[in-house]
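Engineer: Mind looking over this structure? Questions follow.
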Amino acid sequence: MSTLLVGATAVFALGGGAFRVATAPDRIRDRHEVAKKVCLERGGQWAQVDQRTEGCRLPASSSAPLSF
Numbered sequence: 007m008s009t010l011l012v013g014a015t016a017v018f019a020l021g022g023g024a025f026r027v028a029t030a031p032d033r034i035r036d037r038h039e040v041a042k043k044v045c046l047e048r049g050g051q052w053a054q055v056d057q058r059t060e061g062c063r064l065p066a067s068s069s070a071p072l073s074f
């Protein structure tokens with residue numbers, strides 16, 4: 007019985023890991039879109055930092071409240 011439980015746990019863990027890897031690009035894209043939206047709402051400018059990186063440039067006195 008315990009071997010069956012260990013085997014089932016391993017199968018579920020591998021399945022969960024495969025799911026996380028397969029859906030990673032979607033989660034990354036969603037977080038990126040939220041970050042861009044919040045940046046623009048706070049009065050920032052979304053800018054290309056280098057070829058592979060983008061980021062938010064906020065004005066020096068950015069005390070605008072966050073809203074989600």
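Using the working numbering, read the sequence shown as starting at 7 and increasing by one per residue. We treat Cβ as the ideally placed atom computed from N, Cα and C, and that holds for glycine.
Tell me, please, which residues DSSP counts as bridged to Gly61.
Structural biologist: Answer by DSSP bridge pairing, in chain order: Ala53.
Engineer: Using beta-carbon positions only, say whether Trp52 and Glu60 come within less than 8 Å of one another.
Structural biologist: The answer is yes: Cβ separation under 8 Å.
Engineer: Could you tell me whether the Cβ atoms of Val50 and Arg63 are closer together than 8 Å?
Structural biologist: It is worth fixing the name first, because residue 50 is Gly in this sequence and not Val. Contact: yes.
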